[in-house]
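Residue numbers (our numbering), protein chains in the order written: chain A, 19 to 79; chain B, 132 to 595. Below is one structure, written out as structure tokens, with a few remarks after it.
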């Protein structure tokens, strides 16, 4: 999503769906955090893993 | 022993056992030091003086009656304020949780330390809900670094780092989800132990990211870390991930030194993004250990990214109801990260957890050829309080989220780590000694050997 206005619209809609309050003054910081999180997610999202790989929701060392 | 404030815990315990110092003397000295130095350091949020003095008198009465004393007899300690302490609300650095009723019982780790003779003197400042690497807290003010009070302690166990480095207590407990023991240990110049995930009970402590949360000790010596760690081990059915492994005492292992241990330096990712002092510290430790071998953990940047995504989403799930009901009572920096985390698609979180299992397998394979890996703890020495950004490899980044770039990929898979302090001037910085799961003793042996050589030491800060 290249346009901040599009991203802001997605954030406002998501907040509404999640029943989260969102003061317009918070939007720039929330947007920045959303951008950073998606950017970081892209670092493992494109890493190939086999279909039968198991998640580790509770990790036992 | 004239200055108890910088005595090691084991020295206090030996003095109490011999009768050179009473437990009451030790506790009164700690309370006096807290009263004076904490006006500057702001490490404590609660001081439990009445309870501590009563406990000290009981220890002294036991000694007078000829009863056996524990290995931490008379040693004052304090805990990050996310541990339950009977009679106090468990605030977890927040405004919201301090309105909760007082806890009915102590955390089991407090109970175990007190069974070993240690004496709780209070609860410590921390970043709100542990989502922090700075040691700053909008509600309680920042904890301050004893080596330069204009600088950060690191977080989120900032009060723990400050209290131990500043000589307020010889021993403190903290929590480490992504680096919150190791980062303040590095910036404040103390030793810190993040045990294997599941080793120490987290029951009756306030969580952050359940699949990453660990508890562990800070101290000014490896011997104190080992004493506390040994006292706190043991299965606890109240913590669903608590191990059923038998107790594996680390203290008797310390004297074994470096004999037979294969050690390597972490290369690749861990040789990038740091300031020169981070590499200076690594080179200093590697030289002392006569280590030239380098190993590369695979895909570390992806591991750090996956840890970040799991943290923000799992943290958001934990706090969703509070975000809905009381958003204005959060630190805005925490709230805005959690709100963003609540919006991240679950498909990405599942992919992060799948990657985690893959990464764990690759890293554990490295431990077939090495017993320990050394890596920087933080990319820099303590930044200034309030500093928002720093530049890592030419890229300006927020301090708050990036002080843990070297710690996150390790706690992500639950490996045990001892953070050791390298006394650079003007500020100390830490090095991580990383071992295979359940091999805390290996990391502690290496830390102890470095301490014996004088290579690592918790430096005494310029405080009155």
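Glycine included, C-beta positions come from ideal geometry on N, C-alpha and C. All of these numbers come straight from a predicted model, not from anything done at the bench.
Do we get a CB-CB distance below 9 Å when we pair residue i with the residues of chain B?
i            : result
residue 33/A : yes
residue 74/A : yes
residue 21/A : no
residue 27/A : no
residue 7/A  : Limits of chain A in this structure are 19 at one end and 79 at the other, which puts residue 7/A out of reach.
residue 24/A : no
What would DSSP say about residue i, mapped onto helix, strand or coil?
i             : result
residue 267/B : coil
residue 363/B : helix
residue 276/B : strand
residue 250/B : strand
residue 202/B : coil
residue 174/B : coil
residue 51/A  : helix
residue 570/B : coil
residue 137/B : helix
residue 432/B : helix
residue 314/B : helix
residue 190/B : helix
residue 407/B : helix
residue 461/B : coil
residue 520/B : strand
residue 292/B : helix
Smallest Cα separation from residue i: which of the options?
i             : options                       : result
residue 141/B : 182/B, 203/B and 179/B        : 203/B
residue 319/B : 275/B, 355/B and 331/B        : 275/B
residue 401/B : 426/B, 391/B and 386/B        : 426/B
residue 255/B : 590/B, 482/B, 529/B and 295/B : 295/B
residue 262/B : 272/B, 301/B, 151/B and 461/B : 461/B
residue 393/B : 228/B, 349/B, 178/B and 564/B : 564/B
residue 337/B : 250/B, 308/B and 353/B        : 308/B
residue 300/B : 556/B, 166/B, 548/B and 533/B : 166/B
residue 470/B : 72/A, 32/A, 59/A and 73/A     : 32/A
residue 73/A  : 484/B, 542/B and 574/B        : 484/B
residue 533/B : 64/A, 71/A, 58/A and 49/A     : 58/A
residue 405/B : 134/B, 513/B and 590/B        : 513/B
residue 214/B : 408/B, 233/B and 487/B        : 233/B
residue 556/B : 409/B, 543/B and 449/B        : 409/B
residue 398/B : 481/B, 227/B and 504/B        : 504/B
residue 225/B : 272/B, 526/B and 277/B        : 272/B
residue 613/B : 395/B, 287/B and 412/B        : Here chain B covers residues 132 to 595 and nothing more, so residue 613/B does not appear.
residue 546/B : 571/B, 559/B, 530/B and 227/B : 571/B
residue 476/B : 28/A, 42/A and 39/A           : 28/A
residue 182/B : 252/B, 239/B, 195/B and 136/B : 252/B
Use the C-beta contact count for residue i: other C-beta atoms within 10 angstroms, 16 or more gives buried, fewer gives exposed.
i             : result
residue 82/B  : Because chain B is modelled from 132 through 595, residue 82/B falls outside the range shown and cannot be assessed.
residue 314/B : buried
residue 375/B : exposed
residue 329/B : buried
residue 378/B : exposed
residue 281/B : exposed
residue 55/A  : buried
residue 67/A  : exposed
residue 246/B : exposed
residue 351/B : buried
residue 297/B : buried
residue 458/B : buried
residue 43/A  : exposed
residue 481/B : exposed
Can a CB atom of chain A be found closer than 9 Å to the CB of residue i?
i             : result
residue 433/B : yes
residue 472/B : yes
residue 342/B : yes
residue 381/B : no
residue 597/B : Residue 597/B falls outside the range modelled here, since chain B spans only 132 to 595, and no answer is possible.
residue 475/B : yes
residue 497/B : no
residue 324/B : no
residue 389/B : no
residue 467/B : yes
residue 295/B : no
residue 206/B : no
residue 486/B : yes
residue 482/B : yes
residue 491/B : yes
residue 179/B : no
residue 245/B : no
residue 430/B : yes
residue 503/B : no
Hey, is residue i close to the ligand NAD, as in C-beta under 8 Å from one of its heavy atoms?
i             : result
residue 470/B : Questions concerning the ligand NAD fall outside what the structure shown contains, since it holds no ligand whatsoever.
Exercise. Evaluate the contact criterion for the segment 514-522 of chain B versus the segment 433-440 of chain B: three or more CB pairs, one atom per stretch, below 8 Å.
Key: no
Quiz item: Taking one C-beta from the segment 491-506 of chain B and one from the segment 352-368 of chain B each time, how about it: are there three or more such pairs within less than 8 Å?
Solution: no
Quiz item: Within the chosen definition, does the segment 146-158 of chain B reach the segment 185-197 of chain B through at least 3 CB pairs nearer than 8 Å?
Solution: yes
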